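Here is the structure we will look at, set down as structure tokens.
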Amino acid sequence: MPWCETCDRFYNPRSLAPDGTCSKCGRFIADPADEADEDTKVPWHFWVLVAALVLYLGWRFAELIAWLV
Numbered sequence: 485m486p487w488c489e490t491c492d493r494f495y496n497p498r499s500l501a502p503d504g505t506c507s508k509c510g511r512f513i514a515d516p517a518d519e520a521d522e523d524t525k526v527p528w529h530f531w532v533l534v535a536a537l538v539l540y541l542g543w544r545f546a547e548l549i550a551w552l553v
């Protein structure tokens, strides 16, 4: 997380100027290449929750069909 000591403020890498300088004081903060977006994987427990949701909704749908019949 880039920090500007002159402004005493943390910056989001996307809020920096393209050359890595502070947008208020113009001081160099971080190299834009250092903050490259990496493809992050979804955590495994997210997929566990998705699977549990699918099973739950499937069961509720089966109960709905049984109730209608």
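Quick note, the working numbering runs 484 ahead of the 1-based positions in the sequence shown.
Positions of the beta carbon are idealized from the N, C-alpha and C atoms, including for glycine.
Quantities reported herein were computed from a predicted structural model and do not represent experimental measurements.
- One alpha carbon belongs to I513, the other to R498, and they sit about 12 Å apart.
- The three-state secondary structure of R544, taken from DSSP, is helix.
- Looking at the DSSP output, R493 shares a beta bridge with C488.
- The shortest C-alpha to C-alpha distance from R511 to any of C488, L548 and G542 is the one to C488.
- Contact annotation, D515 with G504: C-beta distance approximately 5 Å; criterion of less than 8 Å satisfied.
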